[in-house]
Amino acid sequence: MVFKIASILAPTFAGIAIIKLQFNQFIILDSITFLIAALFTLPIKYENKNQTIQKRPAHLII
């Protein structure tokens, strides 16, 4: 639900920002929001699923 709302609102805000801001201000704003998003994703912990990976025999590797 949140992703659907964000996928609709993000281009709208970007379009408004491009109209209202100068290009260099828009680039700075875009980079700041990218860094904020990266900081929010850092604490997410992913489960390490213990799946066995089957390796090909050495003679089959191309």
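Residues in the sequence shown are numbered consecutively from -10, following the numbering used here. We treat Cβ as the ideally placed atom computed from N, Cα and C, and that holds for glycine.
Could you tell me the alpha carbon to alpha carbon distance between residue i and residue j, rounded to whole angstroms?
{"i": "F12", "j": "G4", "result": "12 angstroms"}
{"i": "F(-8)", "j": "D19", "result": "19 angstroms"}
{"i": "P32", "j": "P0", "result": "26 angstroms"}
Does residue i get closer than 7 angstroms to chain D when you measure Cβ to Cβ?
{"i": "E36", "result": "This model lacks chain D altogether, as it is built from one protein chain only."}
For residue i, name the three-state secondary structure that DSSP assigns.
{"i": "L(-2)", "result": "helix"}
{"i": "Q14", "result": "helix"}
{"i": "L31", "result": "coil"}
Quick one, are the C-beta atoms of residue i and residue j less than 7 angstroms apart?
{"i": "F15", "j": "I21", "result": "no"}
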